[in-house]
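Step one of this worksheet: look at the structure below.
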Amino acid sequence: MKRIIGIIAWTATAVLLLTAHGASAQKKRLHTVPCRNYAQVEAYFRYTPGCGTIVSGHRGGMAPGYPENCIETFENTLSHMPSFFEIDPQMTRDSVIVLMHDPTIDRTTTGKGKVSDYTYEELQRFNLVDRQGTVTPYKIPRVSDVIRWSRGKTILNFDKKEVPRDVLIRLVNELKAKNVIYTVHSADDARTCYGLDPDAHFSAWIGDMRQFREYDATGIPWSRFIAYVVSGTMKPEQRELYDALHAKGVRCMISVAPTVDRLPEAEKRKEGYRTEIAKNPDIIETDYPLELIGLY
């Protein structure tokens, strides 16, 4: 009898180990994007006729149980689809750069107060919450850990927040990250970053032909850019701008985060995504990248 019980226990343990190994292997099967060096990043973003649509996860994307600006959320997205991620750096009291959209932690964690009032270790007392307010087991990540995790997996697009440009760029260069781009809101902003790092790549706010000409005058190669056309939709009256960007090999990006993503019902959002995708944006940025699967 003892032998039978022992065999049963061994079998159960083996099944658990095999299940865990299978789950771990499945977790590692990610839909990565080419991003091991700048040449791959530029090729991935280069516009060519009929190149199709790329999805960007705004604030890293999110889903029930998966909060914004969180490595586990990025992995969840990549386990279902390829994507790159727009994310948000903030600085702690002890000068650690972490991911957090707001200057405060009130909305997205179980804590309260400014990011800058806490050390990194103190922030680890709190847990991230998802969009519905559900507490998750996940913690506020350091940007250095996010960059290390992202290598060979995806491209990180850092928005402009409270962290000084030179401090963030110094960290990126110290880690030798070749899969990072920076959101810039003006040609002068791009010129500043380019002066700090001549290898810098950008997601640039380009809303009209005047801004297009300002960026063109910087002399920064257009291969370094994707263009956020400052809109939640592609507009027929902006065709001159889109054509000018396409002629430079630059993809046009829209963001539905402030528009379609705000609709409370998933089916209504899906209708909105279909409408926007039919207008052929080159990149569509959304809070809910998984909801676009099968639509583009």
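Sequential numbering of the sequence shown, starting at 1, is according to the working numbering. Cβ coordinates follow ideal geometry from the N, Cα and C atoms, glycine included.
Between T259 and K153, the gap from beta carbon to beta carbon reaches 7 Å or more. For the pair of segments examined, the stretch 94 to 108 was found to touch the stretch 140 to 151: the number of CB pairs separated by less than 8 Å reaches three. DSSP places N173 inside the alpha helix (DSSP H), whose first and last residues are 165 to 174. The distance from the Cβ of V135 to that of N127 is about 5 Å, consistent with a contact at the 8 Å cut-off. Using a Cβ-Cβ distance cut-off of 8 Å, the stretch 165 to 178 and the stretch 102 to 113 are not in contact, since fewer than three pairs of beta carbons, one from each stretch, lie closer than that value.
The residue from D282, P221, A266, M253 with its alpha-carbon nearest to that of A190 is P221.
Check the Cα spacing between R151 and each of G207, P34, L196, G57: the tightest is with P34.
Bounds of any beta strand (DSSP E) do not take in W149; it lies within the alpha helix (DSSP H) bounded by 143 to 150. A residue is called buried once 16 or more other Cβ atoms fall within 10 Å of its Cβ, and G232 is buried on that count.
It is roughly 30 Å from the alpha-carbon of T286 to the alpha-carbon of D117. In the DSSP assignment, C252 falls within the unbroken beta strand (DSSP E) covering 252 to 255. DSSP places Q90 within a strand segment (E or B) once states are collapsed to three.
Remark: C-beta atoms of C252 and V230 do not approach each other more closely than 7 Å. Excluding sequence positions up to five before and after C70, its CB lies within less than 6 Å of the CB of L128, Y138, all in the same chain and listed in chain order. Ranked by Cα distance from N179, the options Y44, R29, L30 are led by Y44. Between the alpha carbons of L78 and R239 lies a distance of about 33 Å. Here D130 really is in contact with M62; their C-beta atoms are around 6 Å apart, less than 8 Å. Of the candidates P64, N157, H185, V184, the residue whose Cα lies closest to the Cα of V172 is N157.
For E285, the enclosing beta strand (DSSP E) begins and ends at 283 to 286. For F225, the enclosing beta strand (DSSP E) has its first and last residue at 225 to 228. The secondary-structure analysis by DSSP pairs L156 across a beta bridge with F85, V180. Here the alpha carbons of T108 and E121 stand approximately 17 Å from one another. Rounded to the nearest whole angstrom, the CA to CA distance from Y273 to Q124 is 36 Å. Take the alpha-carbon of L175 and the one of I181: they are about 14 Å apart. Annotation: the continuous alpha helix (DSSP H) that includes V41 extends over 38 to 45. Taken atom to atom, the span from the alpha-carbon of K235 to that of T119 is near 45 Å. Counting the other CB atoms within 10 Å of its CB gives G60 a total of 16 or more, which places it among the buried residues.
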